[in-house]
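A short write-up of the structure that comes next.
Residue numbers (this note's numbering): 24 to 210.
Shown next, in the form of structure tokens:
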């Protein structure tokens, strides 16, 4: 059954703001064992507070800076080597696999004693860590990008996630994107 599911659905996207429960975890574990891949957002691949799959990182804690910035190591048409603002929750992670997107912390928190005339405090390119990693079972995005897309309407999550889906789907990506009328390069 697991191989049937992974053949039919080569990629499962786990949305943010939800940890796996006792019913979901065993089913996804069988899916991964059958060759399926996971794209997990935020803390969605945690089971009982611990990483459930090898997604290339260990989730540590919630980052206290907001907004923060991400910068993909892969090419995206929307921004060439530019840090993209993320307004939703972002997590500190310890990479154990390949880092695909970097997190860039702002210079300071924009609050009472720290003022910045811009809407966002600028990114400090000296404070870089991992934001998206890849492991044996798929990819972890250590930011609640779907929440960001829904609440803020930013296109940054879309231009970040589509190339990651393409990476996990491999040769099948084009057919899936055409069926969904999406383009990983144009969003």
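The C-beta atom is built at its ideal place from N, Cα and C for all residues, glycine as well.
The Cβ-Cβ distance between residue 163 and residue 78 falls below 9 Å. If you look at residue 190, you'll find it in the alpha helix (DSSP H) that goes 179 to 192. In this structure, residue 76 lies near residue 55, with their beta-carbon atoms less than 9 Å apart. Note that the stretch 146 to 166 touches the stretch 116 to 129; at least 3 beta-carbon pairs, one per stretch, sit closer than 8 Å.
The way I'd put it, the stretch 39 to 54 does touch the stretch 68 to 75; three or more beta-carbon pairs between them come closer than 8 Å. Annotation note: the stretch 47 to 103 contains the following uninterrupted alpha helix (DSSP H) runs of length 4 or greater, listed N- to C-terminal: 47 to 56.
With a beta-carbon spacing of about 7 Å, residue 124 and residue 94 fall inside the 8 Å limit used to define contacts. Just measuring C-alpha positions, the residue of 169, 197 and 80 sitting nearest residue 153 is 80. In terms of Cβ geometry, residue 58 and residue 33 form a close pair [threshold 9 Å].
Excluding the 5 residues flanking it on each side, residue 161 has same chain C-beta neighbours closer than 7 Å at 60, 61, 62, 63, 76, 78 and 191, in chain order. Only buried fits residue 166, as 16 or more other CB atoms lie within 10 angstroms of its CB. No Cβ-Cβ contact shorter than 9 Å links residue 117 with residue 86.
Taking 9 Å as the cut-off, the Cβ atoms of residue 83 and residue 179 do not count as close.
With fewer than 16 other Cβ atoms from the protein chains shown falling within 10 Å of its own Cβ, residue 97 counts as exposed.
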